[in-house]
Amino acid sequence: MWARLLALIVKELLVVLRDPRSRFILVGPPVVQLVVFAFAATLEVKNVDLVVLNRDEGASGLELVRRIEGSPTFRSVLAVHDPKALQKAIDQQQAICAVHIGPSFSRDLVAGRPASVQFMLDGRRSNAAQIVNGYLGTIVNTYVADENERSHRVASTPRVVPRNWFNPNLTFTWFTVPGLIAIVAQLIGLIVTALSVARERELGTFDQLMVAPLRTPEILLGKLIPPMLIGLAHITLYVLATVLIFSVPLRGSLLLLYGSALFFLAAVAGIGLFISSLCATQQQAILGAFLFLAPATLLSGFATPIENMPPWLQPLTTVNPLRYFLVVTRGVFLKAMPFAEVVKSTVPLFFIAVVTLTVAAWLFRRRTE
Amino acid sequence: MSKTLVRLHAVTKRFGDAPPALDAVSGSVSAGAITGLVGPDGAGKTTLIRLMAGLVTAEHGSLDVLGFNPATQSASIHTAIGYMPQRFGLYEDLTVEENLTLYADLRALPTAQRADVFEELLAFTDLRSFKTRPAGKLSGGMKQKLGLACALIRKPRLLLLDEPTVGVDPISRRELWRMVRGLRDEGVGVVWSTAYLDEAEACDRVLLMNAGKLLFDGPPRELTRRTEGRVFRMVDIEGRRRPALAATLALPEVIDGVVQGRAIRVVARDAQHVPSVPREAGPHARLLPASPRFEDSFIDILGGGPGGESKLAEGVRAIPGRGENVIEARALTKRFGDFTAASEISFNVSRGEIFGLLGPNGAGKSTTFRMLCGLLKPTSGEGRVAGIDLRRDTAGARGRLGYMAQKFSLYGDLSARQNLRFFAGVYGLSGARKRQQIEQMIDVFALSAHLDMASRELPLGFKQRLALACAVMHEPEALFLDEPTSGVDPITRREFWCHINGLVEKGVAAVVTTHFMEEAEYCDRISLIYRGRSIALGSPDELKARAVTKDRPEPTMEDAFVALVEAYDRTQVAA
């Protein structure tokens, strides 16, 4: 049994490594993912353009404008003198936000009356507008609090002092890159498995394999283990890149990460084998794999929090293996996730793997008689 | 001399770095004649046809098709020729009539003429009663006829047919020939490419090709005459005829020999020395002169057959118990939905026997074959290999059988050595025995020069050898060979059969599927599969004897096939 299984595994690895097309699949998409997600697909808002209409003639209005100009988030702050120009700047997308300081701003502030500043945000870019709104709100509030404290006009307003745990500077790559480890493991594990049976069918080697004295479990293991090994290799490379290139702190145990990864890869390979058993050609298999990959990635919490999804959609994410493994990769890297917590996320992976592997084995048997 | 339609002069075509697909080929195609483009796969037939159709351009040499240069005037050629590629572009979901209309549109046939042309073509192809049937639901032979009809929508001056009879049953094949002869008599120039050497004899003129080179250009009879007076049939052989064949091939005066039913066909090196009869053939064996065939001369041009020694069989230990049943089919039946692909098929194959499943594509021979090697579960009935029930212990039975598919079915990306290692591994060989078996295969099949080449890049003959090596490395008791030699050149085919004969002599049982009538004669017994049933079972000579009529005292295997199928169809109509 072991000699036969070993022969199968060696063959499967050789086929993947010797075929230029599948070699490309092993190298191309992971590199593209790393570059795209780590550098381009960021949710941070930087390089923002603003327009300011300051109709206040006092010192406070000027000081506020200076503080806004002093923030590194804003690339340009254009002063205008006409409310129409504000509107035009937003209309033509020259600025995402227009700040309008009214004529009574300094007076109200000195008199201890509620002073107000108006932000006009470009709702077409809702996410960025929201974030800019937050930045500007913080600047205005801090300024008003400083001003009040300085003049002792108001006893003392409570101050909010945020401290970000695990990622003190909220560096975005600390959030995305550990997640990418899970994404790439899913991509490779799925595609390599999905191609394996379909390739044999397409090229006509499947019958030759099926007349060999192999039992179905041996063939299934022979088809599942190589993609898992390749998946682990990719995880290792990505872990190295995360630590060495992106300088993300590795605070938890790699052993736990790999342990959890085995179950995750088994679950994914089960799905891949299911797709492969259905497909007659490699092209169908690739299409099938992407049919699964896109929603699985969107519904995983990789880019958008699951809590933000509509309530009826959220239960669907509980069967998504990526959801659980993402928690593990991020947890192990950023917060030294303890053993019990890793187990809690790995148990669902175990059950998902049992289901996908069983269904894949059933379908494989059925389709091959 | 009739008008010349195509002139080729020293045409060379190369794809990539491979040896040229066509190497300085010269020849011509005349109007009102069938020009056979004959040769095994990889000979360059398709390339040559595509050159004439203006679909690819030659690298060197000149080509003139109907007065046009295909490299620059392909559009003019396209309107004047009919071209039927190997897989004709029929739309499977369109009906026969819709397909014809589509091709009439594509070829801009005026609407006024359509009714007449369709009527004529449907009558010609005998497809009138299937006008409303989707093309996908036609049999292989009917599809080819419809393809031909579509290629004839505007009567071409030149008709190019690329292997029109592949996978077509002998009856449809005869009809296709009849149709094409009709066209020839109307003055159309026909190019008919084929790998079947018996078809070459029916052509008016032949371009015989092998590995890109033109071997012969002329009327087929002229080539056949090469071996006139040198061909014999050895009859009244006592005992087994495979050792007799091996002994005959070992004689220096013999260049070729094959089993032909109970007899052996022998080709002498020259007409002066009539071959002697080896001792192995028994005291009563004698040689009768026979009329030469195209294939005999082809082998002669190529320098003779490969001899009768099988190094493979020498290294294999003999399996005792001759006559024991190794493969048993008991009322094997397979239904797909309400379609019965194979119905109640029964036969036994004993040690040292070659059993043939003969029949057209789609008749059920592959279904039967696949049930017996465990690739398909029978709906009812049972199959046994080496006494093991395939339903109970599939893996156990599989370990005792070797399988070779029609298409090259090893891992193309792996090297020859990696393939050998893999198959040794999955058949449970390990350690010293694994190494020893692999070394033996490399030695027997002379693979050492190609060991590290990706096996998809191997020359055709070596692919064949490697596939056989992988199938027999574990010394199986039962061999399953699915169309093992379709498309290979006759030398490779003889080499292949030499190994099979050797193994069978050592006690292996073999099942072979074929639609190749010549090959059927190498078998000890044949089951004729037609419409999912075994309609006749017996030795090749017995089946031929059943087709003997007054005007046909010595029927060929193909005659026997046609006669038996027609007789079966009559009983079905009567019932």
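Chains as they are written, first to last, in my numbering: chain A, 1 to 369; chain B, 1001 to 1575.
Cβ coordinates follow ideal geometry from the N, Cα and C atoms, glycine included.
Since this is a predicted model, take the numbers as computed values, not measurements.
7 Å Cβ cut-off: residues of chain B touching residue i
i: A:Arg4; result: Gly1425, Val1426 and Gly1428
i: A:Leu214; result: Ala1395 and Val1426
i: A:Leu8; result: Val1426
Contact set between residue i and chain A, taken where Cβ atoms lie within less than 9 Å
i: B:Leu1414; result: Lys11, Leu14, Val15 and Arg18
i: B:Leu1398; result: The sequence as given places Arg at residue 1398 of chain B; Leu does not occur at that position. Simply Met210, Val211, Ala212, Pro213 and Leu214.
CB-CB length for residue i against residue j, believed under 8 Å
i: B:Gly1282; j: B:Gly1032; result: Incorrect: roughly 51 Å between the Cβ atoms, too far for contact.
i: B:Tyr1083; j: B:Leu1160; result: 5 Å
i: B:Leu1127; j: B:Ala1149; result: 7 Å
i: B:Ala1520; j: B:Gly1356; result: 5 Å
i: B:Val1206; j: B:Val1038; result: 5 Å
i: B:Ile1500; j: B:Lys1365; result: Wrong, their Cβ atoms sit about 18 Å apart, outside the cutoff.
i: B:Gly1054; j: B:Ser1074; result: 3 Å
i: A:Asn169; j: A:Phe175; result: With 8 Å as the limit, A:Asn169 and A:Phe175 do not qualify as a contact, their Cβ atoms being about 11 Å apart.
i: B:Gly1381; j: B:Ile1388; result: With a Cβ gap of about 16 Å, B:Gly1381 and B:Ile1388 do not count as contacting.
For residue i, the three-state DSSP class (helix, strand or coil)
i: B:Asp1217; result: strand
i: B:Phe1339; result: strand
i: B:Thr1095; result: strand
i: A:Ile96; result: coil
i: A:Trp312; result: coil
i: A:Pro183; result: With the sequence shown as reference, residue 183 of chain A is identified as Ile, and Pro is not the correct amino acid for it. Of the three classes helix, strand and coil, the one that applies to A:Ile183 here is helix, per DSSP.
i: A:Lys11; result: helix
i: A:Phe119; result: strand
i: A:Pro226; result: helix
i: B:Glu1295; result: helix
i: B:Trp1192; result: strand
i: B:Ser1276; result: coil
i: B:Asp1256; result: strand
i: A:Ala303; result: coil
i: B:Met1209; result: strand
i: B:Phe1593; result: As shown, chain B starts at 1001 and ends at 1575. That puts residue 1593 of chain B outside it, with no answer to give.
i: B:Met1142; result: helix
i: A:Asn320; result: coil
i: B:Tyr1427; result: coil
i: B:Tyr1522; result: coil
Contact set between residue i and chain A, taken where Cβ atoms lie within less than 7 Å
i: B:Ser1409; result: Gly204, Thr205, Asp207 and Gln208
i: B:Leu1375; result: Asp207, Met210 and Val211
Below-8 Å beta-carbon distance, residue i vs any chain C residue
i: B:Arg1335; result: Here the protein chains are A and B, and chain C is not one of them.
Beta carbon proximity, residue i to chain B, threshold 8 Å
i: A:Val211; result: yes
Residue-level contact to chain A via CB, residue i, 8 Å cutoff
i: B:Arg1128; result: no
i: B:Phe1445; result: no
i: B:Phe1422; result: yes
i: B:Arg1322; result: no
i: B:Ala1469; result: no
i: B:Arg1546; result: no
i: B:Arg1433; result: no
i: B:Arg1391; result: no
i: B:Arg1465; result: no
Amino acids of chain A, ordered along the chain, whose beta-carbon sits closer than 8 Å to that of residue i
i: B:Gln1418; result: Lys11 and Leu14
i: B:Ala1405; result: Gly204, Asp207 and Gln208
i: B:Leu1401; result: Val211
Cβ-heavy atom distance, residue i to the ligand NAD, below 7 Å
i: A:Val343; result: Of the ligands one can find in the structure shown there are none, so the ligand NAD has no counterpart to examine.
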